């Protein structure tokens, strides 16, 4: 798992330093792939060990609230995919409070990503918002009305 932590830290460093020829969309895609891989490695009946992902909440909060994201429209879909992958991976853990805080802090930035026309980003947006509702009201989906 140390490799995962190092890979994520390198990706964060590349994005934050704006290294020439390091495509931010590719960086977010690599990070989302790492998230999905971490999620699939959690076996049935095992306790998830995703503490290697602790570097991400602060990074995601900072990225979503940054001027860079506001100015680079095409990055929004990539960061939303990463946010969705991170949130999905963490739902297997007891990180509900952390995820709720991240969702609340970045809600306005995520809401601003909504578009009038259908797009892949809208699909990711709806998936993420659905996860936020489930996180804030975990028993709601379990009690049929």
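Residue numbers (this note's numbering): 11 to 155.
Glycine included, C-beta positions come from ideal geometry on N, C-alpha and C.
Just so you know, these numbers come straight off a predicted model, no measurement behind them.
| query | result |
| --- | --- |
| For residue 82, the three-state DSSP class (helix, strand or coil) | coil |
| Beta-carbon proximity of residue 121 to residue 65, cut-off 8 Å | no |
| Contacts around residue 145, its chain only, beta-carbon distance under 6 Å, and the 5 residues preceding and following it disregarded | 106, 109 and 110 |
| Inter-residue spacing [alpha-carbon to alpha-carbon] between residue 57 and residue 13 | Unreliable placement is indicated for residue 57, whose pLDDT of 48 sits below 50; the coordinate value is still reported in the next sentence. About 20 Å. |
| DSSP three-state assignment for residue 75, whether helix, strand or coil | coil |
| Rounded Cβ spacing between residue 99 and residue 63 (contact assumed at less than 8 Å) | 7 Å |
| Every unbroken alpha helix (DSSP H) within the segment 104-134, with a cutoff of 4 residues, ordered by chain | 106-121 |
| Residue nearest to residue 113 in terms of C-alpha spacing, selected from 93, 131, 132 and 123 | 93 |
| Reference residue 39, options 123, 95, 124 and 139, closest by Cα | 95 |
| Integer-rounded CB distance, given that residue 91 should sit under 8 Å from residue 42 | 5 Å |
| Per-residue burial, residue 124 [other beta carbons within 10 Å of its own, 16 or more giving buried] | exposed |
| Under the three-state DSSP convention, the category residue 57 falls into | Any answer about residue 57 is weak, because its pLDDT of 48 lies below 50 and its placement is not dependable; what the coordinates show is given next. DSSP places residue 57 in coil when its eight states are reduced to three. |
| Span separating the alpha-carbon of residue 140 from that of residue 27 | 33 Å |
| Alpha-carbon spacing of residue 134 relative to residue 88, whole angstroms | 10 Å |
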